[in-house]
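Presented below is the structure to which this report refers.
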Amino acid sequence: MLKKLLLVVVLALLPACSSGGGAELPAGPDLTKKASEAMKTVKSAAFSISTEGKPKVPVKKADGRLTAAGDADGTITLEVLGNLQEITFALVGETVHFKGPTGGFQKLTRADLAQLYDPSLILDPAKGVSQLLGTATDPRVEAEEGGAYRVATTFSGQVLGALVPGVTQGVNGKVWIDKATGRLTKIELPLQDGTVTVSFSDYDAPVTITPPPTSG
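Counting with mature numbering (1 follows the signal peptide of the UniProt record, and there is no 0), you get residues -23 to -1, 1 to 193 for the letters of the sequence shown.
Shown next as structure tokens:
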């Protein structure tokens, strides 16, 4: 009698267990297309770049703010001739105000900065993360993590190189796309000898980028 009762309970639970596996994951191409379009409407964002290991890229760390108009400010740590140098910058219009660990602010043109790294391209619809997502190939949604979908995909080296200087070839990486907004929250890029991670937050927060008062 006890065996029959247990069998009835188990059989009753089986349908509930099988139907509670969670919602079906979306198709990768549809999700990256949606994210590409969502990123085109971003007005501002905070960004962070970090590295693990020793990937062969000049930008080792960065934190800052961006606007869709192309202005940006923050700090960037670059590897120059084997040494790490942290630079504080404010990119306003066509002028870059920057300073190293010592001394005051100096100026460059945006074109000069572009030869090293231009963070303002991140939100550029034609060259930034929107283009990166739009040109991603074979995107596969792997799982849902913390309110975002984790997607494995392959990025074009040509498009990726504008966002992460030093990258010239295609990369098999991952992106995290927010379920609610379709916007990008993180990119993870396994490169030779290390990994580069780019994170985004504070979308559309009010941001005003101004020249440092000491720039003159």
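Glycine is no exception: its CB is placed at the ideal position from the N, C-alpha and C atoms.
Let me make sure I understand the geometry here. Which of the options has the alpha-carbon closest to that of residue i?
i: Ala4; options: Ile26, Thr145, Ala22, Ala129; result: Ala129
i: Arg160; options: Lys17, Glu29, Pro6; result: Lys17
i: Pro32; options: Thr174, Asp170, Ala182, Gly105; result: Asp170
i: Asp50; options: Val57, Phe66, Pro35; result: Phe66
i: Pro53; options: Lys38, Gly123, Pro142; result: Contrary to the premise, residue 53 reads as Ile rather than Pro in this sequence. When each option's Cα is compared against that of Ile53, the closest is Lys38.
i: Pro167; options: Leu98, Gly134, Gln62; result: Gly134
i: Thr185; options: Gly70, Val36, Thr28; result: Gly70
i: Thr187; options: Leu58, Phe75, Asn60; result: Phe75
Along the chain, where does the alpha helix (DSSP H) containing residue i start, and where does it finish?
i: Leu137; result: 134 to 140
i: Glu14; result: 5 to 16
i: Gly111; result: 106 to 111
Locate the beta strand (DSSP E) running through residue i, then write down its first and last residues.
i: Thr65; result: 60 to 69
i: Asp95; result: Counting along the chain, Asp95 falls outside any beta strand (DSSP E), and DSSP gives it neither H nor E.
Check the DSSP bridge columns for residue i and list the partner residues they point to.
i: Asp170; result: Beta-bridge pairing links Asp170 to no other residue.
i: Leu85; result: Val73
i: Thr54; result: Lys38, Glu63
i: Ser21; result: Thr44
i: Leu161; result: Ile154
Is residue i near residue j, with beta carbons less than 7 Å apart?
i: Thr9; j: Ala113; result: yes
i: Gln92; j: Val136; result: no
Using the Cα positions of residue i and residue j, report the straight-line distance between them to the nearest angstrom.
i: Gly(-3); j: Thr72; result: At Gly(-3), the pLDDT of 43 sits below 50, so the modelled position is not reliable; the number obtained from the coordinates is stated separately. One C-alpha to the other measures close to 54 Å.
i: Ser176; j: Glu1; result: 26 Å
i: Pro6; j: Asp115; result: 7 Å
i: Ala182; j: Ala22; result: 7 Å
i: Val19; j: Pro190; result: 28 Å
i: Ala15; j: Asp95; result: 22 Å
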